[in-house]
Amino acid sequence: MTIRPIITAPDPRLKQVSKPVERVDDALRALMDDMLETMYDAPGIGLAAIQIGEPVRVIVMDLAREGEPPEPRYLVNPEILWKSEELATYEEGCLSVPEFYEDVARPARCRLRYLDYQGEIREIDCDGMLATCVQHEMDHLEGILFIDHLSRLKRQMMLKKLEKAKKLDRASA
Ligand code: GNR
Ligand code: NI
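Each position in the sequence shown, counted from 1, maps to that position plus 8 in our numbering.
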């Protein structure tokens, strides 16, 4: 397993629409292992493959609290079957938008279909933080970041700051 660099905004790769996976094989499981290790190292509660530069429809998540046993989840080719009308608001962050946190309202519950680590088809009902995280990660598969749910002014301000931070980083490297 390898910890891979996480791509940060603004980067055109994060705007790509990721491609469906054709089969869940050992090569894909190796990618999922790298993603999980990268996510734990960051640390984060979710990661989409595009965040490490792989434009495929794969997500890993672990919402276990500190001190609880790990609960890794692997979602391949996820599809949302149903979303509630009711919304819930959580303060979101993103490993690809480091150091910015803002409230985002999304459907409070959803039903999800996906392939698991073994390539078996599964369906689950999501609510709370799981519903929010699933939708945040599925946005990544469409090239959408949580900042795309904010006002244009806020988004432009954040992107400017992120760009500036990258320039300073490059200058000192
Ligand atoms: O680690 C993460 N925390 C988080 C908090 C609130 C809503 C969504 C997330 S996902 C984020 C990791 C990440 O960037 N996944 O794409
Ligand atoms: Ni994210």
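Glycine included, every Cβ here is placed at the ideal spot set by N, Cα and C. Predicted, not measured: the structure shown is a model, and the values here were computed from it.
Next on the checklist: Considering only heavy atoms of ligand 2, does any lie closer than 7 angstroms to the CB of H157?
Outcome noted: Looking up residue 157 in the sequence shown gives position 149. Result no, Cβ not under 7 angstroms from ligand 2.
Checklist entry - Just checking my contact of L71 with L138 at CB under 8 angstroms: how many whole Å lie between their CB atoms? => result Indexing the sequence shown from 1 puts residue 71 at position 63. Indexing the sequence shown from 1 puts residue 138 at position 130. Their Cβ separation, rounded to whole angstroms, is 6 angstroms, which keeps L71 and L138 in contact under 8 angstroms.
Next on the checklist: Looking only at its chain, what residues have a beta carbon closer than 8 angstroms to the beta carbon of R130, apart from the 5 residues adjacent to it on each side?
Outcome noted: Taking the sequence shown and counting its residues from 1, the one referred to as residue 130 is at position 122. Hits under 8 angstroms: R121, Y122, L123 and D124.
Checklist entry - Any contact of the region 31-46 with the region 58-68, i.e. 3+ C-beta pairs under 8 angstroms? => result yes
Next on the checklist: Can you give me the C-alpha to C-alpha distance between D41 and M9, rounded to a whole angstrom?
Outcome noted: For the purposes of this step, residue 41 is taken as the residue at position 33 of the sequence shown. For the purposes of this step, residue 9 is taken as the residue at position 1 of the sequence shown. Looking at the two C-alpha atoms, the distance is approximately 6 angstroms.
Checklist entry - Residue range of the alpha helix (DSSP H) that G54 falls in? => result Stepping through the sequence shown from its first residue, residue 54 is reached at position 46. G54 -> not in any alpha helix (DSSP H); beta strand (DSSP E) instead, spanning G54 to A56.
Checklist entry - Would you call S104 buried or exposed, if buried means 16 or more other Cβ atoms sit within 10 Å of its Cβ? => result If you number the sequence shown from 1, residue 104 lands on position 96. Buried, since its Cβ has 16 or more Cβ neighbours within 10 Å.
Item to check | For S180 and I132, the rounded distance between their alpha carbons | outcome: Locating residue 132 in the sequence shown gives position 124, where the first residue counts as 1. Locating residue 180 in the sequence shown gives position 172, where the first residue counts as 1. Answer to the nearest angstrom: the Cα atoms are 47 angstroms apart.
Checklist entry - Between which two residues does the beta strand (DSSP E) harbouring K23 extend? => result Here the question's residue 23 lines up with position 15 in the sequence shown. Neither: K23 is in no beta strand (DSSP E) and is coded neither H nor E.
Item to check | Same chain only: Cβ atoms within 6 angstroms of A96, ignoring 5 sequence neighbours per side | outcome: Residue 96 sits at position 88 when you count from the first residue of the sequence shown. Once the five neighbours on either side are set aside, the close Cβ partners of A96 are A116.
Item to check | Limits of the unbroken beta strand (DSSP E) element including T6 | outcome: Look at the range of the chain in this structure, 9 to 181, and you will see that residue 6 is not part of it.
Checklist entry - Cβ of S104 versus every heavy atom of ligand 2: is any distance shorter than 7 angstroms? => result Position 96 of the sequence shown, counted from the start, is the residue given in the question as residue 104. Flag set: Cβ of S104 near ligand 2.
Next on the checklist: So, with DSSP's three-state summary, where would you put I11?
Outcome noted: Working through the sequence shown from its first residue, we reach residue 11 at position 3. I11: coil per DSSP, three-state reduction.
Checklist entry - Within 10 angstroms of its Cβ, does L149 collect 16 or more other Cβ (buried), or is it exposed? => result Position 141 of the sequence shown, counted from the first residue, corresponds to residue 149. Under this definition L149 is a buried residue.
Checklist entry - Going by the C-beta, is Y82 closer than 7 angstroms to any heavy atom of ligand 1? => result Numbered from 1 along the sequence shown, position 74 holds the residue referred to as residue 82. Checking every heavy atom of ligand 1 against the Cβ of Y82, none is found closer than 7 angstroms.
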